[in-house]
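Notes for the one structure printed next.
Numbering (my numbering), first residue to last: 3 to 411.
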């Protein structure tokens, strides 16, 4: 994080200086490029001694490259890990207790609900350390709807949180459904991993019509559906240029389908940093046929590059970013509807330009300054600053944690 970027962080209403001298440990599954950027900016601007203790260095399906943070610490814990699916990971890292005992943070925040996070919450209860919860989950993708174990983990931790952050309004509804008390939740927008450019390419500066960015699977990202939409678009428009960023089990299938249909398609594999940002600016539209994303970072990244998005209703970003700000279309998962929507926009430069112009206003909703301020508000709340905050004497004892009793106001 450079000084120029840090200088853009506006003063917090309660004062960023109010957290100087405080220390916070975030317990997370792993660090992503966008959380790395946020945490570095927050630590620099607030003066908080921040450490992120990770259950794993990286999830196995990711190809992330992280720059070394300048203002906070990352440490990967020893322990047991089970990666059950693209979106399901279980962690048990008993060393979290000794790390917390050694560090003695003034606040603990858990970004997940694995056994490791339960141990961290138990430490917070036993030591009367303020506990915070962080999630990018949504009501629709919540595993607690179908799993008693997932439900119990969340019900054990969330009602005891002095503060919480969620990536969206939907995330806060999810937390409140598990017992988060009113006034303790803050929307913490997911930021892009890189600083959005001042200039975003215009219509005639984009060499591709359609972009797909993500894992090439069907059950989560809808890659096969995407290929069907593209072939239908070819029938409607006669010519279509496609770019695919990402990799996965359906890559060879998509390559064969596009070759058979005579559709020029560029397959980049996974890109990083400035390369992926440039890819968003190279296409007129991003297609995001998600079958279940709690948010959908690719939508935010596309909007940051001025690229309108066609998204499914199964990603929260389609509701709270794309439809709300008029920077694309939200369409039910019907290939004919998607193909017609894409063809109509590609055939109407004025409509595309209007959506493109709206992206500058839309991206203000997830700018770095806003997210730093949200995290600051949450930590102020956790430390007992602000209306309705519990007094330190109201902190839970370890016995109350074990019995499920909660007397926090």
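Think of the CB as a built atom: it goes at the ideal place given N, C-alpha and C, for glycine as much as any other residue.
Remember, it's a predicted structure, so these values are computed and weren't measured experimentally.
Find the nearest neighbour of residue i within the set the options, judged by alpha-carbon distance.
{"i": "residue 108", "options": "180, 365, 228, 25", "result": "25"}
{"i": "residue 337", "options": "323, 209, 92, 289", "result": "289"}
{"i": "residue 203", "options": "320, 281, 153, 225", "result": "281"}
{"i": "residue 79", "options": "70, 73, 168, 97", "result": "97"}
{"i": "residue 360", "options": "152, 328, 269, 54", "result": "328"}
{"i": "residue 140", "options": "319, 257, 240", "result": "319"}
{"i": "residue 1", "options": "241, 102, 205, 179", "result": "Because residue 1 is not part of the residues shown, which for the chain are 3 to 411, the question remains open."}
{"i": "residue 165", "options": "138, 147, 132", "result": "132"}
{"i": "residue 94", "options": "81, 100, 106", "result": "81"}
{"i": "residue 142", "options": "179, 261, 129, 69", "result": "179"}
{"i": "residue 216", "options": "210, 127, 208, 225", "result": "225"}
{"i": "residue 200", "options": "187, 279, 177", "result": "279"}
{"i": "residue 40", "options": "379, 383, 369", "result": "369"}
{"i": "residue 175", "options": "209, 137, 150", "result": "137"}
{"i": "residue 212", "options": "190, 239, 188, 187", "result": "239"}
{"i": "residue 219", "options": "208, 256, 332", "result": "256"}
{"i": "residue 309", "options": "130, 157, 210", "result": "210"}
{"i": "residue 208", "options": "155, 258, 285", "result": "285"}
{"i": "residue 183", "options": "260, 134, 102", "result": "134"}
{"i": "residue 241", "options": "173, 253, 260", "result": "260"}
Ordered along the chain, which non-local residues of its own chain (more than five positions away) have a Cβ less than 7 Å from that of residue i?
{"i": "residue 119", "result": "29, 112, 159"}
{"i": "residue 263", "result": "233, 236"}
{"i": "residue 36", "result": "192, 193, 194, 195, 299"}
{"i": "residue 1", "result": "Coverage of the chain is limited to positions 3 through 411, which leaves residue 1 absent and any answer about it impossible."}
{"i": "residue 385", "result": "24, 108, 109, 132"}
{"i": "residue 76", "result": "33, 54, 56"}
{"i": "residue 353", "result": "347"}
{"i": "residue 334", "result": "315"}
{"i": "residue 144", "result": "176"}
{"i": "residue 68", "result": "33, 35, 38"}
{"i": "residue 341", "result": "231, 234, 235, 238"}
Excluding sequence positions up to five away, which residues of its chain have a Cβ less than 8 Å from the Cβ of residue i?
{"i": "residue 50", "result": "21, 22, 24, 25, 26, 44, 381"}
{"i": "residue 389", "result": "In this prediction, residue 389 scores a pLDDT of 44, lower than 50, which makes its location untrustworthy; no coordinate-derived value is stated."}
{"i": "residue 31", "result": "56, 57, 58, 61, 91, 93, 113, 114, 116"}
The ligand ZN and residue i: does any heavy atom of the ligand fall closer than 7 Å to the residue's C-beta?
{"i": "residue 363", "result": "Absent from the structure shown: the ligand ZN. Ligands present: none."}
Leaving out five residues before and five after residue i in sequence, what residues of the same chain have Cβ atoms less than 6 Å from its Cβ?
{"i": "residue 228", "result": "214, 289, 291"}
{"i": "residue 306", "result": "194, 198, 365"}
{"i": "residue 92", "result": "84, 116"}
{"i": "residue 266", "result": "243"}
{"i": "residue 230", "result": "337"}
{"i": "residue 373", "result": "40, 190, 191, 193"}
{"i": "residue 102", "result": "125"}
{"i": "residue 223", "result": "216, 217"}
Throw me the rounded Cβ distance for the residue i and residue j pair, which I believe falls under 8 Å.
{"i": "residue 221", "j": "residue 293", "result": "6 Å"}
{"i": "residue 311", "j": "residue 283", "result": "With a Cβ gap of about 13 Å, residue 311 and residue 283 do not count as contacting."}
{"i": "residue 296", "j": "residue 169", "result": "7 Å"}
{"i": "residue 127", "j": "residue 105", "result": "Between residue 105 and residue 127 the Cβ distance is about 17 Å, and since that is not below 8 Å, they are no contact."}
{"i": "residue 355", "j": "residue 48", "result": "Not a contact, Cβ separation roughly 40 Å."}
In the DSSP output, which residue or residues are listed as bridge partners for residue i?
{"i": "residue 122", "result": "According to DSSP, residue 122 bridges with nothing at all."}
{"i": "residue 333", "result": "Paired residue(s): none; residue 333 is not in a bridge."}
{"i": "residue 83", "result": "93"}
{"i": "residue 187", "result": "166"}
{"i": "residue 246", "result": "214, 269"}
{"i": "residue 25", "result": "51"}
{"i": "residue 46", "result": "For residue 46, which the question treats as bridged, DSSP gives no partner whatsoever."}
Mind the definition here: the region 339-351 touches the region 320-328 only if three or more C-beta pairs lie below 8 Å; say whether that holds. no
Would the region 289-305 count as touching the region 360-379 if we require 3 or more Cβ pairs under 8 Å? yes
Three or more C-beta pairs under 8 Å: does that hold for the region 241-252 against the region 263-275? yes
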